[in-house]
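Asker: I am attaching a structure below and will ask some questions about it afterwards.
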Amino acid sequence: MFTQAVALLLHLISSAVSISTTRSVRLLDPTVSSTSLLLHRVVATYHQILFQLCRRSSKPFWPSLIAFNMALNLEKQLQFYGAYHYNPVNVAIHITCVPAILLTAFLFGTNTPAVPIPDWLSIPNLPPNLGTIAAVVYSTLYVLMEPVAGGLLAPILIGGTAYANHLTSNYGMTANYIAIGVHVLSWVAQFIGHGIFEGRAPALLDNLVQALFLAPFFVWLEILFMFGYRPELKSRLDVAIQKDIKKFRDDAAAKKANGSTNGHAK
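The letter at position 233 of the sequence shown is residue 1456 when you use the numbering used here, and the numbering goes up by one with no holes.
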């Protein structure tokens, strides 16, 4: 159900931006550069890929139950993510790199043309381009999942996107080049964290959609937990995550032992 909701939101975002781009091109809007159009196509293609991944879910989609389902499954989803992010060094890497990845992704989206809206609806540094729309979608999903934590995170995401719009408006491709470097380095650092410190492949290899959409929120909750937020939830998660990690390690050891036995038998 969660993945179906994400799929629908992705489809709406891509459709809105596609309509905006088409109108801009038809009107020969001089503000629409070839670079912006190229970036739009790349981002739209990326979202369409995620849309197809989400659409493959066999679970039914009932819009009226989205918020209830998200809140109900929050602990389970946190447990899944936490089982892949338990080593302190890897956790620190993700606390640093996940926000960088998300905000630079929003910055890439700010290069797309804005959806036409009345002047009285416009907000400084928050034109309705793909970056702004994505930030609003993420914020909405997080508030639905956990109103307090999501409500605290939403202004940070919206404010970060406003600053991203400011950067692309004033510095153009220079801002994009720096963002690309930060984005790539952050992904590399995370893979190093998993390979060297966690000893387990990233969660995105097992659950791509949840890893991409929920990771920023779970990093935020990890920060809140450090300040004493919802200690009872943190305690339950620690117990459940340790059980999951033990099961993973036991299964890995059993497979390794079976492989060694089969090798000697040959």
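Every residue gets a Cβ at the ideal spot worked out from N, C-alpha and C, and that includes glycine. The structure presented is a predicted model; accordingly, all values stated were derived computationally and were not measured.
Please state the DSSP three-state secondary structure of residue 1478.
Answerer: The count along the sequence shown starts at 1 and reaches residue 1478 at position 255. In the structure shown, residue 1478 falls within a helical segment according to DSSP collapsed to helix, strand and coil.
Asker: Candidates 1315, 1346, 1375: which alpha carbon is nearest residue 1452's?
Answerer: The count along the sequence shown starts at 1 and reaches residue 1452 at position 229. Comparing Cα positions, the closest option is 1375.
Asker: Let's test the definition: count the other Cβ atoms within 10 Å of the Cβ of residue 1409 and tell me whether it reaches 16, buried, or not, exposed.
Answerer: What you label residue 1409 is simply residue 186 of the sequence shown in a count that begins at 1. Under this definition residue 1409 is a buried residue.
Asker: Just to confirm before moving on: does the CB-CB distance between residue 1300 and residue 1433 stay below 8 angstroms?
Answerer: Here the question's residue 1300 lines up with position 77 in the sequence shown. Here the question's residue 1433 lines up with position 210 in the sequence shown. Cβ distance < 8 angstroms, so residue 1300 and residue 1433 count as in contact.
Asker: Helix, strand or coil for residue 1309? Go by DSSP, reduced to three states.
Answerer: For this step, residue 1309 is matched to residue 86 along the sequence shown. Correct three-state label for residue 1309: coil.
Asker: Compute the distance between the beta-carbons of residue 1315 and residue 1471, then report whether it is under 8 angstroms.
Answerer: By 1-based counting over the sequence shown, the position of residue 1315 is 92. By 1-based counting over the sequence shown, the position of residue 1471 is 248. The answer is no: Cβ separation not under 8 angstroms.
Asker: Let me know if residue 1330 comes out buried or exposed under the rule of 16 or more other beta-carbons within 10 Å of its beta-carbon.
Answerer: Against the sequence shown, residue 1330 aligns to sequence position 107. Residue 1330 comes out buried.
Asker: Quick one, which of 1346, 1448, 1353 has its alpha-carbon nearest residue 1336's?
Answerer: Position 113 of the sequence shown, counted from the start, is the residue given in the question as residue 1336. Nearest C-alpha to residue 1336 among 1346, 1448, 1353: 1353.
Asker: Between the beta-carbon of residue 1443 and the beta-carbon of residue 1372, is there less than 8 angstroms?
Answerer: As a working mapping, residue 1443 is identified with position 220 in the sequence shown. As a working mapping, residue 1372 is identified with position 149 in the sequence shown. In this structure, residue 1372 lies closer than 8 angstroms to residue 1443 by Cβ.
Asker: Just checking, does the stretch 1334–1351 make contact with the stretch 1378–1394 on the three C-beta pairs under 8 angstroms criterion?
Answerer: yes
Asker: Mind checking whether residue 1332 and residue 1357 have CB atoms under 8 angstroms apart?
Answerer: What you label residue 1332 is simply residue 109 of the sequence shown in a count that begins at 1. What you label residue 1357 is simply residue 134 of the sequence shown in a count that begins at 1. Yes.
Asker: Work out the CA separation of residue 1328 and residue 1370 for me, nearest whole Å.
Answerer: Along the sequence shown, read from residue 1 onward, the residue named residue 1370 stands at position 147. Along the sequence shown, read from residue 1 onward, the residue named residue 1328 stands at position 105. In this structure, the straight-line span from the alpha carbon of residue 1370 to that of residue 1328 is close to 24 angstroms.
Asker: Measure the alpha-carbon distance for residue 1343 versus residue 1411 and round it to whole angstroms.
Answerer: Within the sequence shown, residue 1343 is the residue found at index 120, counting from 1. Within the sequence shown, residue 1411 is the residue found at index 188, counting from 1. Approximately 43 angstroms, taken between the alpha carbons.
Asker: Buried or exposed, going by whether 16 or more other CB atoms sit within 10 Å of the CB of residue 1426?
Answerer: Here residue 1426 corresponds to residue number 203 of the sequence shown, with the count starting at 1. Counting Cβ neighbours within 10 Å, residue 1426 comes out buried, since at least 16 surround it.
Asker: Just to confirm before moving on: does the CB-CB distance between residue 1298 and residue 1459 stay below 8 angstroms?
Answerer: As a first step, residue 1298 is located in the sequence shown; it is residue number 75 there, counting from the start. As a first step, residue 1459 is located in the sequence shown; it is residue number 236 there, counting from the start. Contact: yes.
Asker: Let's test the definition: count the other Cβ atoms within 10 Å of the Cβ of residue 1462 and tell me whether it reaches 16, buried, or not, exposed.
Answerer: Indexing the sequence shown from 1 puts residue 1462 at position 239. Exposure of residue 1462 is indicated by the presence of fewer than 16 other C-beta atoms within 10 angstroms of its C-beta.
Asker: With distances taken from CA atoms, which of 1436, 1468, 1456, 1473 is nearest residue 1363?
Answerer: On the sequence shown, residue 1363 is found 140 positions in, with the first residue counted as 1. Comparing Cα positions, the closest option is 1436.
Asker: Give the C-beta separation of residue 1440 and residue 1365 to the nearest angstrom, bearing in mind that I take them to be a contact with Cβ-Cβ under 8 angstroms.
Answerer: Against the sequence shown, residue 1440 aligns to sequence position 217. Against the sequence shown, residue 1365 aligns to sequence position 142. Rounded, the Cβ-Cβ distance is 5 angstroms, consistent with contact.
Asker: Below 8 angstroms on the Cβ atoms is my contact criterion, and I expect residue 1318 with residue 1446 to pass it. Report the Cβ-Cβ distance as a whole number of Å.
Answerer: In the sequence shown, residue 1318 corresponds to position 95, counting from 1. In the sequence shown, residue 1446 corresponds to position 223, counting from 1. Going by Cβ atoms, the distance from residue 1318 to residue 1446 rounds to 6 angstroms, so yes, they are a contact pair.
Asker: Can you check the stretch 1302–1377 for any alpha helix (DSSP H) of at least 4 residues that lies completely inside it and give the ranges in chain order?
Answerer: 1311–1332, 1353–1368
Asker: Less than 7 angstroms between C-beta atoms, sequence neighbours within five positions excluded: which residues of the same chain meet that for residue 1420?
Answerer: Numbered from its first residue, the sequence shown carries residue 1420 at position 197. Contacts found: 1310, 1312, 1313.
Asker: With a threshold of 16 other CB atoms inside 10 Å of the CB of residue 1361, please say whether the residue is buried or exposed.
Answerer: Translated into positions along the sequence shown, residue 1361 becomes position 138. Classification for residue 1361: buried.
Asker: Rounded to whole angstroms, what is the Cα-Cα separation between residue 1477 and residue 1417?
Answerer: Here residue 1477 refers to the residue found at position 254 when the sequence shown is read from its first residue. Here residue 1417 refers to the residue found at position 194 when the sequence shown is read from its first residue. Their backbone Cα atoms lie some 21 angstroms apart in a straight line.
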